[in-house]
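Using the working numbering, the first residue of the sequence shown is number 86, and each one after it goes up by one.
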Amino acid sequence: MVSTDNSTPRAGARTPLIAGNWKMNLDHLQAIAFVQKLAWSLKDAGHNFADVEAAIFPPFTDLRSVQTLISADKLPLVFGAQDLSAADSGAYTGEISGQFLAQLDCTYVIIGHSERRMMHAETDEVVAAKVVAALRHGLAPVICVGETAADLKEFGPSAVPVAQLRKALAGVTSASDIVVAYEPVWAIGSGQAATPEQAEAVCAALRAVLLEVLGADVAEKTRILYGGSVKSTNIGGFMKQPNVDGALVGGASLDLAEFASIIRFQKHAF
Ligand code: 13P
């Protein structure tokens, strides 16, 4: 999509992506009701899904219900999982294979969210292996990187996210469909979002890593999202930045009107 609006200087043909990470919220019955209402509300508002892609990331147990609903009603929403196993099958109690997610028509899978890095001890090596697993199964990884408040103080704004992305891409050799999400840990669930300028500086540094590791083509086409206390009232500032191509939304993605409004940022934020 090439914008004719001078206030949206995003380069080239990167379609903005607004992604809702539900985390451990909404069971499969609640998911069905939510997805139906979200799709209706966006349709009623005349949302053009080709202009802004809208994705949801429900818990594993919701995925089959969400898939069935989206496919039966031909809803223009896309969806993905919040994690996957680095392995494809075998004795991995509690793990979910990328093959299963691909069978459920998942487009995306979130990898390396800071909550998994911190609470489930996911290292950069595990994240890299999961990225390879996602690509092996035709899933687009949404690779999450971000610094803690302590990292920010010690290393500055982009050193940690840049190092995390470099390591996450260790096993990626060819131009593939990937998404990067910059989520400063200090901004997640805190109500204290990064400023658009802070987000832009780190996202530009992350795009430079993509350029260096995977080449100009991939760097140009890869969407880089900002995440951390995104709301309908601050999305516009982020989307004005040339290297921010969307948002990974947590809490606000569970509020139907608020999430729909974030998806429709072009209508009210400029
Ligand atoms: P919040 O939007 O609730 O800050 O969460 C961001 C996040 O972690 C999305 O993955």
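A virtual CB, placed ideally from N, CA and C, is assigned to each residue, including glycine.
Residue i and residue j closer than 8 Å at C-beta
i    : j    : result
A278 : V315 : yes
A266 : I228 : yes
P143 : M109 : no
D173 : S182 : yes
D330 : P101 : yes
E268 : S199 : yes
M324 : F350 : yes
V212 : I196 : yes
F134 : V151 : no
A124 : L160 : yes
L186 : L224 : yes
D209 : Q249 : yes
P246 : V287 : yes
V257 : L310 : no
V334 : G179 : no
G274 : G175 : no
V298 : R221 : no
L295 : A304 : yes
Cβ neighbours of residue i in the same chain (closer than 8 Å, five flanking residues each side left out)
i    : result
T89  : Residue confidence for T89 is low, a pLDDT of 38 falling below 50, so the modelled location carries little weight; the figure read from the coordinates is stated next. So no residue of the chain qualifies.
S156 : D190
Near the ligand 13P: residue i beta-carbon under 7 Å from a heavy atom
i    : result
E343 : no
S314 : yes
G321 : no
H113 : no
N106 : yes
E239 : no
I155 : no
E268 : yes
A284 : no
V264 : no
T310 : One detail in the question is off: residue 310 reads as Leu in this sequence, not Thr. Because no heavy atom of the ligand 13P lies under 7 Å away, the Cβ of L310 does not count as near it: no.
V216 : no
A337 : yes
C329 : Note that residue 329 corresponds to Val in the displayed sequence, not to Cys. No.
Where residue i falls: helix, strand or coil (DSSP)
i    : result
F142 : strand
P246 : helix
F164 : strand
L333 : strand
P101 : coil
I181 : coil
A266 : strand
L295 : helix
V356 : Not covered by the structure: residue 356. The range shown for the chain is 86 to 355.
A225 : strand
V212 : helix
V315 : coil
L111 : coil
V257 : coil
R349 : coil
L189 : coil
I309 : strand
Environment of residue i [buried if 16+ CB atoms lie within 10 Å]
i    : result
K215 : buried
G313 : buried
D188 : The amino acid occupying residue 188 in the given sequence is Gln; Asp does not appear at that position. Classification for Q188: exposed.
L162 : buried
Y193 : buried
E232 : buried
L237 : buried
E239 : exposed
S170 : buried
Sequence-distant residues of the same chain with beta carbon closer than 7 Å to residue i, five excluded per side
i    : result
I348 : I103, L127, H132, V137 and A139
G322 : P281
Sequence-distant residues of its chain with Cβ nearer than 6 Å to residue i (five each side left out)
i    : result
D262 : A225
N319 : A278
S317 : E343, S346 and I347
D114 : Strictly speaking, residue 114 in this sequence is Leu, with Asp absent from that position. Around L114: no qualifying Cβ.
G300 : none
Residue i at chain C interface by Cβ criterion, 8 Å
i    : result
G322 : The structure shown contains no chain C; it holds only a single protein chain.
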